[in-house]
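One structure below.
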Ligand SMILES: Cc1ncc(COP(=O)(O)O)c(C=O)c1O
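In the numbering used here, the protein residues as written are 10 to 398.
Below, the structure is given as structure tokens:
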């Protein structure tokens, strides 16, 4: 009775680990959370205040399917502040990047088509392609190319069924950005095949290093960009994001958005306008600095225990850590850490298959005290397992 898609989707190991964590917490034990891909900070006060005002003022009805024009204009201004010219007509407000992925899959893919994406990458991507009868073709990437595909890899993976490629920059789970030149070359190639390049920029602004571009739109045009209020703006539960599309896609996307979603969340859109205020921006930027400090603290702690972080990330809030020297699989490592030491870490096989057994993802969406406690517990685990010292 139920669809193949719904019955075939593999649950994430991290969800099962989390369930175990909940049990420990209800038994009064403290669990250290390195698995959550969501900022731990409370929503910035100006955003909360704007939401209250919007609800009190009755802004709780449907908006236009593409979102409120004021918000689309504000996002266009945001791009202008990054020296990128896009018009409000190219910007669609969505229900998170997840809503954006649903819309872009429906816009760009037909049944039987193939969407290329790196392995490892954000695990839900595959489901958006499958939802419209398309499939995913994985390009295995590793530390030698900073976990981003090269032009040659894209060319080799491209078949007559390929309709596009989905990249993320900074990426989840590795936090790396695709190099400017590689991005430009891949776009040219994809364009020559009459395919679509989708760039997931949900971690835009959550960057550690001096990056050479803030949005791929500064490098190349005619691409499809996904973004969200979830990460830099710290609004995960508000379910709001946006896509930027070439102007000629706007008419088709409007019809899809009308039919699939009617409109994005109205109070959240009002709140999101305040997310761009000077006061809120100062908060987001300070939090990004806190993430940078945490990244350094966690990396130093893990390295002191002998872990290798092959590539220090450019952004997002993850470290993709090699555990192969321990002689156990990533799944085994994560389960034992949770069961025996109440430390939650995400195993590599939640992000794909390539080298998945040797990597785990640590999220530093937790405070310095928890990071230190987590490192202490992992040190105890390694000693108890006879793997160190
Ligand atoms: C790379 C990437 N894309 C998309 C999403 C979806 O995010 P949201 O729907 O909250 O905007 C996530 C969430 O973690 C992500 O990591």
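Beta carbons are placed, not taken as given, at the ideal position from N, Cα and C, and that holds for glycine.
* Could you check if residue 172 is buried or exposed, using at least 16 other CB atoms within 10 Å of its CB as the buried criterion? => Under this definition residue 172 is a buried residue.
Considering only C-alpha positions, which residue in the set 226, 70, 118 is nearest to residue 261? The shortest CA-to-CA distance from residue 261 to any of 226, 70, 118 is the one to 118.
Tell me whether residue 286 counts as near ligand 1, meaning its Cβ is closer than 7 Å to at least one heavy atom of that ligand.
no
Query - Length of the line joining the Cα atoms of residue 354 and residue 342 - result: 9 Å
- Query: What are the boundary residues of the beta strand (DSSP E) that includes residue 105?
  - Reply: Residue 105 -> not in any beta strand (DSSP E); alpha helix (DSSP H) instead, spanning 105-117.
Cβ neighbour criterion (16 or more within 10 Å) applied to residue 113
buried
* Flag residue 331 as yes when its Cβ comes closer than 7 Å to any non-hydrogen atom of ligand 1, and as no otherwise. => no
Inset, instruction - Put residue 350 into one of helix, strand or coil per three-state DSSP. - result: helix
* Asked: Which residues have their C-beta within less than 6 Å of a heavy atom of ligand 1, listed in chain order?
  -> In chain order, the hits are 46, 105, 106, 107, 131, 177, 181, 209, 211, 237, 239, 245, 250.
| What's the C-alpha gap between residue 190 and residue 220? | 13 Å
- Contact set for residue 147: own chain, Cβ-Cβ below 6 Å, skip 5 residues either direction: 128
**Message:** DSSP has residue 209 in a bridge; who is on the other side?
**Reply:** 177, 235
May I ask you to list the residues that DSSP assigns as paired with residue 216?
Answer by DSSP bridge pairing, in chain order: 324.
On the DSSP letters alone, give me the boundaries of the beta strand (DSSP E) that residue 148 sits inside. 144-149
Residue 128 (DSSP reduced to helix, strand or coil)
strand
Checklist entry - Between the segment 89-105 and the segment 220-237, do at least 3 Cβ pairs fall closer than 8 Å? => result yes
Pair within 8 Å by beta-carbon distance, residue 106 and residue 209 = yes
Notebook entry, point to check: Can you list, in chain order, the residues of its chain whose CB lies under 7 Å from that of residue 253, leaving out five sequence neighbours each side?
Noted result: Within the same chain, residue 253 has close Cβ partners 95, 99, 100, 226, 234.
- prompt: On the premise that residue 72 lies in contact with residue 273, defined as a C-beta separation below 8 Å, what is that separation, rounded to the nearest angstrom?
  reply: 7 Å
Residue 307 and residue 380 closer than 8 Å at C-beta:
Yes, these two residues count as a Cβ contact at 8 Å.
Query - DSSP-derived helix/strand/coil call for residue 293 - result: helix
- [ ] May I ask you to list the residues that DSSP assigns as paired with residue 69?
- [x] BP columns for residue 69 are empty, so no partner.
Fill in: CA-to-CA distance, residue 102 to residue 165, given in whole angstroms
35 Å
Q) So, residue 183 versus residue 156, is the Cβ gap smaller than 8 Å? A) In this structure, residue 183 lies near residue 156, with their beta-carbon atoms less than 8 Å apart.
**Asked** Between residue 87 and the rest of its own chain, which residues show a CB-CB distance below 8 Å, the 5 nearest in sequence each way excluded?
**Response** 285
*So what does DSSP say about residue 392, is it helix, strand or coil?*
Helix at residue 392.
Check for me: the beta strand (DSSP E) holding residue 170 runs from which residue to which?
First-last for residue 170: undefined, no H or E at that position.
Please classify residue 186 as buried or exposed, where buried requires at least 16 neighbouring CB atoms within 10 angstroms. Burial call: buried.
Let me know the secondary structure DSSP gives residue 224 once reduced to three states. Reduced to three states, the DSSP call for residue 224 is coil.
**Prompt:** When we look at the beta-carbon of residue 215 and count the other beta-carbons within 10 Å, is it buried (16 or more) or exposed?
**Reply:** The residue is buried, with at least 16 neighbouring Cβ atoms inside 10 Å.
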